[in-house]
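The structure appears below as structure tokens.
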Amino acid sequence: MKLAHVIAAALVALGAASAQAASVEAIGNATVQPGGVRTGGSGINFFNIEGADYGSFASYGAIRFDLSSLKAGFDAQYGVGGWVVDSVMLSLTQSNAAFTNDGGVAVYFTNNDGVSLSAPSPLTYDGFAADFADAQSVTSYTFTQVSSGTVDSYTLFSRSGTNSAGGNALMADILADSTMTLALRETDAGVAATYAGFNNNSYAGPTLSISVTAVPEPEAYALLLAGLGLVGAAARRRRA
Numbered sequence: 012m013k014l015a016h017v018i019a020a021a022l023v024a025l026g027a028a029s030a031q032a033a034s035v036e037a038i039g040n041a042t043v044q045p046g047g048v049r050t051g052g053s054g055i056n057f058f059n060i061e062g063a064d065y066g067s068f069a070s071y072g073a074i075r076f077d078l079s080s081l082k083a084g085f086d087a088q089y090g091v092g093g094w095v096v097d098s099v100m101l102s103l104t105q106s107n108a109a110f111t112n113d114g115g116v117a118v119y120f121t122n123n124d125g126v127s128l129s130a131p132s133p134l135t136y137d138g139f140a141a142d143f144a145d146a147q148s149v150t151s152y153t154f155t156q157v158s159s160g161t162v163d164s165y166t167l168f169s170r171s172g173t174n175s176a177g178g179n180a181l182m183a184d185i186l187a188d189s190t191m192t193l194a195l196r197e198t199d200a201g202v203a204a205t206y207a208g209f210n211n212n213s214y215a216g217p218t219l220s221i222s223v224t225a226v227p228e229p230e231a232y233a234l235l236l237a238g239l240g241l242v243g244a245a246a247r248r249r250r251a
């Protein structure tokens, strides 16, 4: 096989492993206050993280995603076990109020997919440590109020980057099952991060975007290595 044909075949095979991305909106979210999960239309239309300065309105947030259709699409394209996660991103759309205020927020991954995010629920602020005892920190950010409709996006995992233990656990959970739960809490007592909930009529609710790459067949790597070997041999002959 000619050198050009070897390299071309390898590139075609590796090209089939190009990244594909899909997004899914949350199936539920909770604004967890001292009195429990916020109820009524406001509880599902909005999603707030408010620091301790807000007293009875202080809250942490929880979000749940159903990944079954998203994963089924990846499986249909690449085959079961034929893809790996390249990146995961969380997008939140600002839905601001008079009390909205800048400040720090931390994102956690939890395996507690069974706890109810709607009343009746055992979740309360600030019982975060007990409510999500297995929570692992994924990332943190500074919420900055812009305007309602502004989309804030945060990388939770990147295969090409340096990830937290929580980010790695989150990635593994995507491969392991079809439900994901995230929890967000304040790192500043004065923050009031206000977002659209999953039932908001104007804006998208919390959205998870996952990019994957197919696992290349071993033959593709073999072809590429063979081509590179021929390139090296040809270069040595020219120098001689």
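So the sequence shown is numbered by our numbering: it starts at 12 and just counts up by one. Yeah, the Cβ is synthetic: ideal placement off N, Cα and C, and Gly gets one too. If you're wondering where the values come from, they're calculated on a predicted model, not measured in any experiment.
For the putative contact between residue i and residue j, defined by C-beta atoms under 8 angstroms, what is the C-beta separation to the nearest angstrom?
| i | j | result |
| --- | --- | --- |
| PHE85 | VAL223 | 5 angstroms |
| ALA41 | LEU193 | The Cβ separation is near 11 angstroms, so there is no contact. |
| THR198 | VAL116 | 6 angstroms |
| PRO217 | LEU81 | Their Cβ separation, rounded to whole angstroms, is 14 angstroms, which puts PRO217 and LEU81 out of contact at 8 angstroms. |
Per the DSSP calculation, residue i is bridged to which residue(s)?
| i | result |
| --- | --- |
| ASN40 | ILE74 |
| SER34 | SER220 |
| THR155 | Its beta-bridge partners do not exist; DSSP assigns none. |
| GLN147 | PHE120 |
| GLY115 | THR153 |
| MET100 | THR166 and SER220 |
| ALA87 | Bridge partners of ALA87: none, in fact. |
| PHE5 | The shown model of the chain, from 12 to 251, leaves out residue 5, and the question about it has no answer. |
| ALA225 | TRP94 |
Once DSSP output is grouped into helix, strand and coil, what is the label at residue i?
| i | result |
| --- | --- |
| ASN174 | coil |
| TYR232 | A caution first: TYR232 carries a pLDDT of 47, below 50, which makes its placement in the model unreliable, though a value can still be read off. Helix at TYR232. |
| ALA63 | helix |
| LEU193 | strand |
| SER29 | coil |
| SER79 | helix |
| TYR206 | strand |
| PHE110 | coil |
| ALA180 | helix |
| ALA69 | coil |
| GLY125 | coil |
| GLY201 | coil |
Relative to the alpha-carbon of residue i, which residue among the options has its alpha-carbon at the smallest distance?
| i | options | result |
| --- | --- | --- |
| ALA187 | ALA200, ASN59, SER151 and ASP124 | ASP124 |
| ASP113 | ALA215, ALA200 and SER213 | ALA200 |
| TYR214 | ALA30, ASN56, VAL48 and VAL99 | ASN56 |
| VAL126 | ILE221, SER151, THR190 and GLY216 | THR190 |
| ALA32 | TYR89, SER175 and VAL149 | TYR89 |
| LEU219 | PHE58, TYR65, PRO45 and SER98 | SER98 |
| ASP64 | GLY54, GLN44, PHE76 and GLY52 | GLN44 |
Next on the checklist: Quick check: the stretch 64-81 against the stretch 144-152, are at least 3 beta-carbon pairs closer than 8 angstroms?
Outcome noted: no
Checklist entry - Is the stretch 208-217 close to the stretch 164-181, with three or more CB pairs under 8 angstroms? => result no
Checklist entry - Is the stretch 145-161 in contact with the stretch 104-120, if contact means three or more CB pairs nearer than 8 angstroms? => result yes
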